[in-house]
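Heads up, the sequence shown is in the UniProt record's numbering, so the first residue is 1 and it goes up one at a time.
Note that beta-carbon positions come from the ideal geometry of N, C-alpha and C, so glycine has one too.
Please read the structure below before turning to the comments.
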Amino acid sequence: MEEEWWFFNVIVIKDFKMASSFQSFVRPVFFLLLFVDIHLQESHSASSPDGTNKNVPHQKFSEKDKSKHFGYDKQSGPAVWAKMFHLCGGHSQSPVKLDTTITVTYHHPRIMWWNYSLKPQAMTISNNGHTVLLRAKWARKEDTPYHWSAPSSEEYVFEQLHFHWGQDDHSGSEHMLNNERFALEMHVVHYRRDLGSVENAGLYDSGIRVIGVFFRISEAEHHNVGLQQIVQLLQTIRMANSTVVLLEPFPLSRLVPEFSNLYLTYNGSLTTPPCAETVSWVIRKEPLTISRQQVEEFRNLMSEDGQTIKHNWRPVQPLNGRTVIQIR
Numbered sequence: 001m002e003e004e005w006w007f008f009n010v011i012v013i014k015d016f017k018m019a020s021s022f023q024s025f026v027r028p029v030f031f032l033l034l035f036v037d038i039h040l041q042e043s044h045s046a047s048s049p050d051g052t053n054k055n056v057p058h059q060k061f062s063e064k065d066k067s068k069h070f071g072y073d074k075q076s077g078p079a080v081w082a083k084m085f086h087l088c089g090g091h092s093q094s095p096v097k098l099d100t101t102i103t104v105t106y107h108h109p110r111i112m113w114w115n116y117s118l119k120p121q122a123m124t125i126s127n128n129g130h131t132v133l134l135r136a137k138w139a140r141k142e143d144t145p146y147h148w149s150a151p152s153s154e155e156y157v158f159e160q161l162h163f164h165w166g167q168d169d170h171s172g173s174e175h176m177l178n179n180e181r182f183a184l185e186m187h188v189v190h191y192r193r194d195l196g197s198v199e200n201a202g203l204y205d206s207g208i209r210v211i212g213v214f215f216r217i218s219e220a221e222h223h224n225v226g227l228q229q230i231v232q233l234l235q236t237i238r239m240a241n242s243t244v245v246l247l248e249p250f251p252l253s254r255l256v257p258e259f260s261n262l263y264l265t266y267n268g269s270l271t272t273p274p275c276a277e278t279v280s281w282v283i284r285k286e287p288l289t290i291s292r293q294q295v296e297e298f299r300n301l302m303s304e305d306g307q308t309i310k311h312n313w314r315p316v317q318p319l320n321g322r323t324v325i326q327i328r
């Protein structure tokens, strides 16, 4: 029998699988971190830099690969991923070091945001054993937040957001910016509207866009007000595979800062297995702040192995000649 507790403005569900039957929108998502293509924005070209057609789907991942366990320790961590998932040993992997002194700079495209201030009908926050995952559903499908980058007309629809953190205040972000690593990195995942779903979009170049946002420790120990709406619930999902259903959902604009420029973008991969190299990134240059107490709440979460998730970031990967574009 499903067990529930009322807790402030949430319902706590002990089993993540139960949550998916409780709320239809809580479903497994295989793709945690996914992609953007700057070439689509600039040239409207249907071809990748190597001349291949972006609209040709990549090979689907096998169910065998999907079921393989991965983690962040010595036995199942990033150092051995390539042995279990061959794509993790590819040449266009993520995350990477971002150096603003050696990027190619443009003054476009600019990002246009829509519906991020609309309150969703339903929202869940989960501990899936690897990260904290937020999902939401709006009353009407057309109310779901989306964005596009001029001059491109491609619209990217919100799917989910999640976080990466580390065991100390100077580690946690997956990307590095000018040799600095931050305490936390938020990834806001979107899929291309014309591809219909994140699962289908994950098979195509430019199918999914991820907005990366850094969080730096506030020396004044000021809480991040928007993020606190998640942090205050983390104790209720401390165990792996647990979910809270918010009775009072909040608009994404409280978490996701809207910006039109001042970002970096490059083509890369998923930062978790299977590490598919069909990924592009948009990384906000200006970090937000977070308090030490807030970060510590993330570090107290439990993995499926019953250990605390002290860190869940992958080390930076070689650029191997890839171009990082800076938008001002």
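Going by the DSSP bridge assignment, what does residue i pair with across the sheet?
| i | result |
| --- | --- |
| H164 | E185 |
| T236 | According to DSSP, which records beta bridges pairwise, T236 is partnered with nothing at all. |
| L264 | I283 and Q326 |
| G212 | H187 and I283 |
| K97 | M176 |
| I102 | DSSP output for I102 lists no bridge partner at all. |
| R254 | R254 pairs with nothing; no bridge assigned. |
| S242 | N127 |
| I230 | Answer by DSSP bridge pairing: none, since I230 is not bridged. |
For a quick check, are the C-beta atoms of residue i and residue j less than 9 angstroms apart?
| i | j | result |
| --- | --- | --- |
| T278 | H58 | yes |
| G129 | K310 | no |
| L319 | V104 | no |
| I208 | R192 | yes |
| H108 | I327 | yes |
| S126 | S218 | no |
| P120 | P251 | yes |
| Y204 | V56 | yes |
| T243 | T124 | yes |
| Y266 | R322 | yes |
| G71 | D305 | yes |
| G268 | S149 | no |
| T100 | L264 | yes |
For residue i, which option in the options has the closest C-alpha, if you only look at C-alpha atoms?
| i | options | result |
| --- | --- | --- |
| G172 | Q160, E185 and E296 | E185 |
| S280 | V188, Y146 and P151 | V188 |
| M112 | P151, D305, H164 and H86 | P151 |
| P315 | L87, S94, F214 and K74 | S94 |
| A82 | T271, L247 and W114 | T271 |
| L133 | E286, L161, P109 and Q294 | L161 |
| S197 | Y72, V157, F163 and R216 | V157 |
| E174 | Y263, N312, T323 and N200 | N312 |
| Q293 | T131, D305 and L227 | L227 |
| Q307 | R238, A220 and D143 | R238 |
| H222 | V295, K137 and E286 | V295 |
| A220 | H147, E297, K141 and T289 | T289 |
| L246 | Q229, R254, N224 and L262 | Q229 |
| R254 | L118, S260, C275 and T243 | L118 |
| L98 | D305, P249 and F214 | F214 |
| I325 | Q317, E297, K285 and A79 | K285 |
| L177 | G321, L262 and N224 | L262 |
| P274 | W148, G202 and S206 | G202 |
| S164 | T265, P249, E297 and H190 | Note on residue identity: the sequence assigns His, not Ser, to residue 164. Checking every option, the nearest Cα to that of H164 belongs to E297. |
| S153 | S206, V80, A276 and Q75 | S206 |
| Y116 | D194, H86 and H190 | H190 |
| E155 | A183, D169, K141 and D194 | D194 |
| A122 | G89, P287 and W138 | W138 |
| H170 | R216, E159, N200 and Y106 | R216 |
| E199 | A276, A240, Q75 and W114 | A276 |
Could you check whether the Cβ of residue i sits closer than 9 angstroms to any Cβ belonging to chain B?
| i | result |
| --- | --- |
| T100 | The question asks about chain B, but that chain is absent: this structure has only one protein chain. |
If you scan the region 267 to 328 from start to end, which runs of the alpha helix (DSSP H) of 4 or more residues do you find wholly inside it?
-> 292 to 299
Return the chain-ordered ranges of every beta strand (DSSP E) run that is complete within the region 104 to 177 and spans a minimum of 3 residues.
-> 104 to 106, 110 to 114, 122 to 127, 132 to 137, 146 to 150 and 156 to 165
For the region 232 to 239 against the region 299 to 308, are there 3 or more C-beta pairs whose distance is under 8 angstroms?
-> yes
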